[in-house]
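Chains as they are written, first to last, in my numbering: chain A, 62 to 582; chain B, 62 to 582.
Each residue gets a CB set at the ideal place from its N, CA and C atoms; glycine is no exception.
Quick caveat: nothing in here was measured; it's all calculated off a predicted structure.
Here is the structure we will look at.
Number of protein chains: 2
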Amino acid sequence: MIRIGLLFLFLATVEAYPVCAQPSNASSAAASARAAAAAREYRSAHQHEIAAELRELLSIPNIASDAPNIQRNADQLRLMLERRGMRVQFLATVPGRGPVVYGELLTPGAQRTVMFYAHYDGQPVDPAAWTDTRPFEPALRTHSIAAGGRLIPFPAAGAKFEDDWRIYARSASDDKSPIVALLAALDALRAGKIAPAVNIKFIFDGEEEAGSPNLEKTAVANAELLQSDVLITCDGPVHQSGRALVFYGNRGVVDANITVYGPVRPLHSGHYGNWAPNPGMRLAQLLASMKDDQGRVRIEGFYSEVTALTPQEQAAIQAMPANDAELQNELQFGEAEGAGRTLVELINQPSLNVRGLRSAYVGAQSQNVVPEKAEASLDMRLVKNINPQRQVQRLIAHIRKQGYFVVSGREPTPEERRKYPRVARVDSDHGYPAARTAMDLPVSQAVARVVRAATGDVVLMPTLGGSAPMYIFEDRLRMPVIGVPIVNYDNSQHSHNENLRIGHFWRGIEIYAALMAGLAW
Amino acid sequence: MIRIGLLFLFLATVEAYPVCAQPSNASSAAASARAAAAAREYRSAHQHEIAAELRELLSIPNIASDAPNIQRNADQLRLMLERRGMRVQFLATVPGRGPVVYGELLTPGAQRTVMFYAHYDGQPVDPAAWTDTRPFEPALRTHSIAAGGRLIPFPAAGAKFEDDWRIYARSASDDKSPIVALLAALDALRAGKIAPAVNIKFIFDGEEEAGSPNLEKTAVANAELLQSDVLITCDGPVHQSGRALVFYGNRGVVDANITVYGPVRPLHSGHYGNWAPNPGMRLAQLLASMKDDQGRVRIEGFYSEVTALTPQEQAAIQAMPANDAELQNELQFGEAEGAGRTLVELINQPSLNVRGLRSAYVGAQSQNVVPEKAEASLDMRLVKNINPQRQVQRLIAHIRKQGYFVVSGREPTPEERRKYPRVARVDSDHGYPAARTAMDLPVSQAVARVVRAATGDVVLMPTLGGSAPMYIFEDRLRMPVIGVPIVNYDNSQHSHNENLRIGHFWRGIEIYAALMAGLAW
Chain A
62 MIRIGLLFLF LATVEAYPVC AQPSNASSAA ASARAAAAAR EYRSAHQHEI AAELRELLSI
122 PNIASDAPNI QRNADQLRLM LERRGMRVQF LATVPGRGPV VYGELLTPGA QRTVMFYAHY
182 DGQPVDPAAW TDTRPFEPAL RTHSIAAGGR LIPFPAAGAK FEDDWRIYAR SASDDKSPIV
242 ALLAALDALR AGKIAPAVNI KFIFDGEEEA GSPNLEKTAV ANAELLQSDV LITCDGPVHQ
302 SGRALVFYGN RGVVDANITV YGPVRPLHSG HYGNWAPNPG MRLAQLLASM KDDQGRVRIE
362 GFYSEVTALT PQEQAAIQAM PANDAELQNE LQFGEAEGAG RTLVELINQP SLNVRGLRSA
422 YVGAQSQNVV PEKAEASLDM RLVKNINPQR QVQRLIAHIR KQGYFVVSGR EPTPEERRKY
482 PRVARVDSDH GYPAARTAMD LPVSQAVARV VRAATGDVVL MPTLGGSAPM YIFEDRLRMP
542 VIGVPIVNYD NSQHSHNENL RIGHFWRGIE IYAALMAGLA W
Chain B
62 MIRIGLLFLF LATVEAYPVC AQPSNASSAA ASARAAAAAR EYRSAHQHEI AAELRELLSI
122 PNIASDAPNI QRNADQLRLM LERRGMRVQF LATVPGRGPV VYGELLTPGA QRTVMFYAHY
182 DGQPVDPAAW TDTRPFEPAL RTHSIAAGGR LIPFPAAGAK FEDDWRIYAR SASDDKSPIV
242 ALLAALDALR AGKIAPAVNI KFIFDGEEEA GSPNLEKTAV ANAELLQSDV LITCDGPVHQ
302 SGRALVFYGN RGVVDANITV YGPVRPLHSG HYGNWAPNPG MRLAQLLASM KDDQGRVRIE
362 GFYSEVTALT PQEQAAIQAM PANDAELQNE LQFGEAEGAG RTLVELINQP SLNVRGLRSA
422 YVGAQSQNVV PEKAEASLDM RLVKNINPQR QVQRLIAHIR KQGYFVVSGR EPTPEERRKY
482 PRVARVDSDH GYPAARTAMD LPVSQAVARV VRAATGDVVL MPTLGGSAPM YIFEDRLRMP
542 VIGVPIVNYD NSQHSHNENL RIGHFWRGIE IYAALMAGLA W
């Protein structure tokens, strides 16, 4: 466990900021560029402190269900925000889960309020799968593992980080580094004596990777406190081209775990094979029935609720960099799903993904048995307008149509196992729907303008492939939701060897400083 | 680790046995019944010592690849055999593997030589899957776990074992208890002053559960030493009805591990799902293509080498107890594979069994990724005349026909992954073919007669569903191979919670004593 003392102090308070007027589009761009430059200067001079704050946060294990540790994360965030003079509240703590961490920094005279969203929990980890490092002991490499990066010690105070270096840890990208970047952006503005253009609110979720089951209730209960003119979500990677990205939607998601049953105990496959039903084969046949060879889902009604993209959204997709072939080459596969459609077209469709399979053992641990069960874990991504529970019901209806008796939330009884030729258990979480904000709103255009001014370039995307419960802010709190991610795309988020490219992190600080100081519409 | 001193000594030598003449069928049956009765008396009086010897052997871990421990098993067997005055040899030790343990006890004047086969290695274990006990720490229960059996201490010397009690340990049934039963049978005959009717040879394999890759070479190199009139294999369970069983064949087997590839690293399923190929779904589609809904294998030529059963074999199948419905009820499934054919009919066909599946994670450990690979482990059982390697080639040809580029024994290269739409790796072991001895040979009938005389009843079966490398003795050493198993069918062999029912073990001692003293043809 790495623990690094934070030696620097923040003495400023809200009152230290000068009052600002509402700037024009041109002055907004100029303010953005100025703030980005100030942030660049600040982060160059304070690399060590910024990285140390990130390392300290990454060292706290953050699986949503790990109650004591997720609370430690929240406590650490409170300290980090309070050091910046923010007013901090823990919202509606659910027993056994981390609270929503809310922070607020009002700007005297500001007409607009911008809320930044991030989450501080991470996906489950399998430490054995990590290469030479451990998920909650941040480590530094000279490049990505794929590019042959080797482990190096973190540099001493004063020594420089190279842009291509990468920090390896769970949530290095998803989603702790944006939090630290937001705070570094505040520090940079303060150091540069640049006033924010807006009131700033932070909302940090502690169970996003567990599907944010409590966030909606919490947000609605605190609707007045959270009221803002726009929500900017910091979750997600930038474009694979490396260019900065602004996106206007997130897919929704709902998970399902399917168990298919064989004999009640594993049987010797010689004595009982070909007669006792094999759950692995039955599961394979069931899954195979769900998609055609081209990857199109064959579940009835799966695409029925999809709404068409607007002409502007279609145009944005057409304008995006065409890098599928390059990406496919890097990812080493010979044929994509989707019958030739591009990745960005496909993520505007709902998906069905087999995220895991398990039955007995493979490889050296194989045993010659007819296993007693086989499991598949699916995630289904949703686009705007698809109801998560209706999608699960379509899945279950499809499984029934394949001849299965289906139970949920419990094991089948011996009587049910004996009675029905095929028995499956399907458990799903509550899931959440997609969000999508119109790209032609003034604020939508303003965010794009700021990011372009800060970085010289921006890719605009109607919907990110990844999910986040942004519907809460869009549908329930009635605010536009716009994504401004900062981390590298090849960050292995959700898997082992998650990492953050340092150069992306630095640029992220600049982008967030520009948004805070330059966003106007 | 349990270690029990063997306090009893064996002073007799080969010379202690009287010379015997060749008996008639009737006298053979009488001798069998007499030997069984003597064995019953002996095992009733020596329960504690017999069980102690078994416990000691079960306490030595016996995975074939665990070289130091498998050698400890062999050393222990040498001691056990030498205590009975047997001449013991370790045959052709392969580095890193346990030797074939050979023992010999000649009967002066005997016209026939009977070799008993068993194996002392066991299937791999997953200790976490066992219920309240550990694989190599034998434990006693009042009944099977399924029947609510509770753990009890082994009885003190002099106290009785109940027939329904069960010993839980890896190889309690498969296949160490037959070895201890053979030795107890020898002790019983000696105690009853009954001479064996035949020369007795033991051959104990140390890598049967690893496919016996070296047994053939060892057997052929020692053909003269091993020459016998019949091989009796002690491996396998008795009939599910509980009745004693004699079988005349074993299926062969060959294993295959199939890996299907997705992107070179796990990808966020939101950002890349529906586009990056999902290896779990592709594996499901590939497996689903291998069998129809009724469980019939659709791989071209899969059944082409099957030879027809003889009228006598067909008649034996018809005469077997019809207990499929009862078994299905116990095993809790609503529909068997095989389009209504009986279990015993189906095990006279080759099979394809999915013994394991693995891709990323399921349940609470699920991560929202497109995994980088998915694996299935298959075992294919073979009947008489099917060549194992040809069956693997048929499997590979089928996979190619589904559009796959197939490699074996290595990972695909990045270039291959990029070039081919579908890439699979198929690794198989060498496997071995089935064995089948004619049921109407004099020795075949004689073995059935002895077992019937010893137990009052016998079920005759042309082929056992389980595999054992009996082709080595049948095809290479040119001897009939007949199976006389003793252990209960519901023994969870090959899986967790393997167990031996005590009553079956006792009866096994009686059967083996009857074979040694009564077998004549």
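For this session: Could you check what DSSP says for residue 438(B) in three-state terms: helix, strand or coil?
Result: strand
Problem set entry | Three-way DSSP call (helix, strand, coil) for residue 473(A) in this model | coil
For this session: Would you check if there are 3 or more beta carbon pairs closer than 8 Å linking the stretch 408-426 of chain B to the stretch 403-421 of chain A?
Result: yes
Exercise. Using the C-alpha atoms, what's the distance from residue 209(A) back to residue 483(B)?
Worked result: 27 Å
Exercise. What in chain E is Cβ-close to residue 379(B), meaning under 9 Å?
Worked result: Protein chains A and B are contained in the structure displayed, whereas chain E is not.
For this session: Could you pull out every residue in the same chain whose Cβ sits closer than 6 Å to the Cβ of residue 441(A), ignoring the five residues on either side in sequence?
Result: 315, 413, 452
For this session: Determine the direct distance from the alpha carbon of residue 231(A) to that of residue 240(A), and round the result to whole angstroms.
Result: 14 Å
For this session: List the whole-angstrom C-beta distance separating residue 294(B) from residue 529(B), where the pair is believed to meet the contact cut-off of C-beta under 8 Å.
Result: Contact flag correct, Cβ pair sits at about 6 Å.
For this session: Examine the ligand NAD and report whether any of its heavy atoms sits within less than 7 Å of the Cβ of residue 93(A).
Result: Ligands displayed in this structure: none; no statement on the ligand NAD is therefore possible.
Exercise. Between the stretch 116-126 of chain B and the stretch 190-207 of chain B, do at least 3 Cβ pairs fall closer than 8 Å?
Worked result: Judged by pairs of C-beta atoms under 8 Å, the stretch 116-126 of chain B touches the stretch 190-207 of chain B, as three or more such pairs exist.
Problem set entry | As assigned by DSSP and simplified to three states, the class of residue 406(B) | helix
Problem set entry | Rounded C-alpha distance that separates residue 540(A) from residue 286(A) | 13 Å
For this session: May I have the straight-line CA-CA distance separating residue 61(A) from residue 500(A), to the nearest angstrom?
Result: Because chain A here runs from 62 to 582, residue 61(A) falls outside it and cannot be looked at.
For this session: Please classify residue 262(B): does DSSP put it in a helix, a strand, or coil?
Result: strand
Exercise. Under 8 Å between the Cβ atoms of residue 323(A) and residue 338(A)?
Worked result: Taking 8 Å as the Cβ cut-off, residue 323(A) and residue 338(A) qualify as a contacting pair.
Exercise. Which runs of the alpha helix (DSSP H), 4 residues or longer, sit entirely within the stretch 225-253 of chain B?
Worked result: Taking only runs of at least 4 residues, the alpha helix (DSSP H) segments lying wholly in the stretch 225-253 of chain B are 237-252.
For this session: Name, please, each residue of chain A whose Cβ falls closer than 7 Å to the Cβ of residue 329(B).
Result: Under the 7 Å cutoff, chain A gives 527, 554, 555.
For this session: Could you tell me whether any Cβ in chain A is nearer than 8 Å to the Cβ of residue 82(B)?
Result: A caution first: residue 82(B) carries a pLDDT of 45, below 50, which makes its placement in the model unreliable, though a value can still be read off. For residue 82(B), the answer is no, since every Cβ of chain A falls outside 8 Å of its Cβ.
Exercise. Looking at the structure shown, is residue 256(A) part of a helix, part of a strand, or coil, going by DSSP?
Worked result: Taken through DSSP and simplified to helix, strand or coil, residue 256(A) comes out as coil.
Problem set entry | From 98(B), 490(B), 551(B), 408(B), residue whose alpha carbon lies closest to that of residue 524(B) | 408(B)
For this session: Helix, strand or coil for residue 281(B), going by three-state DSSP, please let me know.
Result: Of the three classes helix, strand and coil, the one that applies to residue 281(B) here is helix, per DSSP.
Exercise. Is residue 552(B) buried or exposed, if buried means 16 or more other CB atoms sit within 10 Å of its CB?
Worked result: buried
Exercise. Is there at least one Cβ from chain A nearer than 8 Å to residue 309(B)'s Cβ?
Worked result: Not a single C-beta of chain A is nearer than 8 Å to the C-beta of residue 309(B).
For this session: Taking only the alpha-carbon atoms, compute the straight-line gap between residue 206(B) and residue 320(A) and give it to the nearest angstrom.
Result: 23 Å
Exercise. DSSP state of residue 217(A), grouped into three classes?
Worked result: coil
Problem set entry | Stretch pair the stretch 233-250 of chain A + the stretch 138-146 of chain A: three plus CB contacts closer than 8 Å | yes
Exercise. Looking at the C-beta of residue 442(A), does it have a partner C-beta in chain B at a distance below 8 Å?
Worked result: yes
Problem set entry | chain A contact residues for residue 478(B), given Cβ-Cβ distances below 8 Å | What residue 478(B) touches in chain A: 393, 394, 395.
Problem set entry | Helix, strand or coil at residue 342(B) [DSSP, three-state] | It is helical.
Exercise. How long is the line joining the alpha carbons of residue 532(B) and residue 341(A), rounded to whole angstroms?
Worked result: In this model, residue 532(B) and residue 341(A) are separated by some 30 Å (Cα to Cα).
Exercise. Which whole runs of the alpha helix (DSSP H) in the stretch 347-398 of chain B are 4 residues long or more, in chain order?
Worked result: Runs of the alpha helix (DSSP H) inside the stretch 347-398 of chain B: 372-380, 385-392.
Exercise. At a Cβ cut of 9 Å, what residues of the stretch 444-472 of chain B count as close to chain A, listed as they run along the chain?
Worked result: Result list: 464, 466.
Problem set entry | Closest residue to residue 304(B) among 149(B), 291(B), 476(B), 546(B) (Cα-Cα distance) | 546(B)
For this session: Starting from the N-terminal side, write out each stretch of the alpha helix (DSSP H) that is 4 residues or longer and does not extend beyond the stretch 94-144 of chain B.
Result: 108-119, 128-144
For this session: Please classify residue 353(B): is it buried, with 16 or more other beta-carbons within 10 angstroms of its beta-carbon, or exposed?
Result: exposed
Problem set entry | Alpha-carbon to alpha-carbon, residue 577(A) and residue 262(A) | Answer to the nearest angstrom: the Cα atoms are 10 Å apart.
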